[in-house]
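Going by UniProt numbering, the sequence shown opens with residue 1, and the numbers climb by one from there.
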Amino acid sequence: LSLPTWAEFELGRAPVYWKTSNGLPPSSGEGLTLFYNPAARKMAPNEVFGVAFNGGFNQPIMCGGEPRQMTLQVRGSADPPIYTIRIRVPQHAMSLIFSFTNGSEWDGPYTLKFKVPKQWQNKPLSFFNEGLADELNREGACDQAIYPDENIAITSCTIDGFYEEGGDRCKLEIASGCMDPNSDLYDPLAIVDDGSCPMPMDSDSE
1 LSLPTWAEFE LGRAPVYWKT SNGLPPSSGE GLTLFYNPAA RKMAPNEVFG VAFNGGFNQP
61 IMCGGEPRQM TLQVRGSADP PIYTIRIRVP QHAMSLIFSF TNGSEWDGPY TLKFKVPKQW
121 QNKPLSFFNE GLADELNREG ACDQAIYPDE NIAITSCTID GFYEEGGDRC KLEIASGCMD
181 PNSDLYDPLA IVDDGSCPMP MDSDSE
């Protein structure tokens, strides 16, 4: 699965987009936000829950089998909605295999490969699967690895104890960031420009 441009995703030319917490390619142990545009697959969201995500690490059964409701991101009356979900990639995860559903139709599976730590690059597949099984064997581990993203604006709120709960104690209504789609620092989640975009000479005045 290759990363499209945000414009391609937003216009419905690509169904899946993702963004990492550190801006680098998806890798083990890092945070990841998946975006889904059902209009790209002509999938009508369910009237009750919208769109659900179903996926697992390395193989579909590792945290899969239980569709999780995605978070609705309303974009205005003219644009169809998009949906998001947060992923905290386990250390031993090599890939995420996932699908989307509205309860009757399915879109997928998609496979997103993760960058493996350098010291593990020559390890056999069994090393990753056994390590992953140990990681996910703890109670609540899957809920911490794949969770509804109610507070998508709180990427900076990683205070100990808050992050594990999906940030539900840190409700920030305003997501600030660079809002210039042409900038390398463009943040598609931002609803308030915080001035972090490099200012071009011909920038629009306020």
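For each residue, glycine too, the CB sits at the ideal point set by N, CA and C.
Here the structure is a predicted model, which is why all the values come from computation and not from measurement.
Distance between residue j and residue i (C-alpha atoms, nearest Å)
{"i": "P67", "j": "Q144", "result": "15 Å"}
{"i": "T101", "j": "V51", "result": "6 Å"}
{"i": "W18", "j": "L125", "result": "25 Å"}
{"i": "T111", "j": "M70", "result": "18 Å"}
{"i": "Y46", "j": "L96", "result": "Here the sequence assigns Asn to residue 46, which means Tyr is not the residue at that position. Approximately 24 Å between the Cα atoms of the pair."}
{"i": "residue 224", "j": "S27", "result": "Because the chain in this structure spans residues 1 to 206, residue 224 falls outside the shown range and cannot be described."}
{"i": "N129", "j": "A39", "result": "35 Å"}
{"i": "V16", "j": "A141", "result": "25 Å"}
{"i": "P181", "j": "P25", "result": "19 Å"}
{"i": "S183", "j": "G23", "result": "14 Å"}
Span of the beta strand (DSSP E) around residue i
{"i": "S99", "result": "S95 to T101"}
{"i": "D107", "result": "W106 to K113"}
{"i": "L72", "result": "T71 to Q73"}
{"i": "F128", "result": "Looking at the DSSP string, F128 is not in any beta strand (DSSP E); the run it does join, the alpha helix (DSSP H), is L125 to L136."}
{"i": "G56", "result": "A52 to F57"}
{"i": "V16", "result": "V16 to T20"}
{"i": "G31", "result": "G31 to Y36"}
{"i": "R86", "result": "I82 to R88"}
Residue i: first and last residue of the uninterrupted alpha helix (DSSP H) it sits in
{"i": "W6", "result": "W6 to E10"}
{"i": "P141", "result": "In the sequence on display, residue 141 carries Ala and not Pro. Element bounds for A141: A141 to A145."}
Assigned exposure category for residue i - 16 Cβ within 10 Å defines buried
{"i": "N58", "result": "buried"}
{"i": "V74", "result": "exposed"}
{"i": "V48", "result": "exposed"}
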